[in-house]
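To keep things clear, I will list the structure first and then write my remarks on it.
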Amino acid sequence: QNYRKANGMTAVCAILSLLCGCCLPFAGGSPLLYGMANLGLLLFGAAPTAAINGIAVSCVPEAKHFASATQFAMQNLAKLLIPLLGGVVIDHLGLVKGYHVVTIGALVFYAIAASFAFLQAKAQHKDELQMSNA
């Protein structure tokens with residue numbers, strides 16, 4: 014139950030995903046660089062999936078199935094809403110520019126949420142250490 018390390022990994026992966034996403038508009042001229050930016054985005058975006066599921070399950074140990082189901086429901090809701098909202102943005106901005114805006118926008122929210130989760134886990138860990146030393 015080391016939330017600090019799991020949330021730290023998630024935050025690092027979120028920030029690296031955001032950096033890869035921010036490279037997309039600048040790599041448009043080179044198919045190799047654009048492919049590498051997308052690969053980095055996908056790899057860093059998928060890497061913390063097990064950590065996120067572990068956090069959700071261990072937060073509510075007496076209701077593991079409910080916690081896991083809630084986590085996957087929220088994850089799938091995001092998979093539904095982002096393309097719907099992204100389609101509206103892409104219709105207004107055009108395919109390439111809209112894709113970049115939607116991708117970077119979603120990654121910004123992901124990085125913010127992951128960073129706040131890490132900061133909270135770090136504060137909780139510090140409080141637990143202080144309580145155990147007292």
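The numbering used here puts the first residue of the sequence shown at 14, with every later residue one more than the last. All C-beta atoms in this analysis are idealised placements derived from N, C-alpha and C, irrespective of residue type, glycine included. All figures in this text were calculated on a predicted structure; none of them were measured in a lab.
Kindly indicate which residue of the options has the alpha-carbon position closest to the one of residue i.
i: A40; options: L132, G118, A126, K110; result: K110
i: A86; options: G99, A69, L97; result: A69
In or out: residue i buried (at least 16 other Cβ within 10 Å) or exposed?
i: F129; result: exposed
i: V115; result: buried
i: S30; result: buried
i: A50; result: buried
i: A59; result: exposed
i: P61; result: buried
Taking just the CA atoms, how far does residue j sit from residue i?
i: C36; j: S81; result: 33 Å
i: E141; j: C72; result: 15 Å
i: I117; j: H105; result: 16 Å
i: L52; j: S145; result: 43 Å
i: L98; j: A63; result: 27 Å
i: L1; j: F79; result: Only positions 14 to 147 of the chain appear in the structure, and residue 1 is not among them; the question remains open.
i: L94; j: Q88; result: 10 Å
i: E75; j: G42; result: 52 Å
i: L108; j: K92; result: 19 Å
i: P44; j: N15; result: 40 Å
i: A136; j: G100; result: 38 Å
For residue i versus residue j, is the C-beta spacing smaller than 8 Å?
i: A27; j: A127; result: yes
i: Q84; j: I103; result: no
i: A156; j: G67; result: The requested residue 156 is not part of the displayed model; the chain covers only 14 to 147.
i: L46; j: C33; result: no
i: A124; j: R17; result: no
i: G21; j: F131; result: yes
i: H113; j: P38; result: yes
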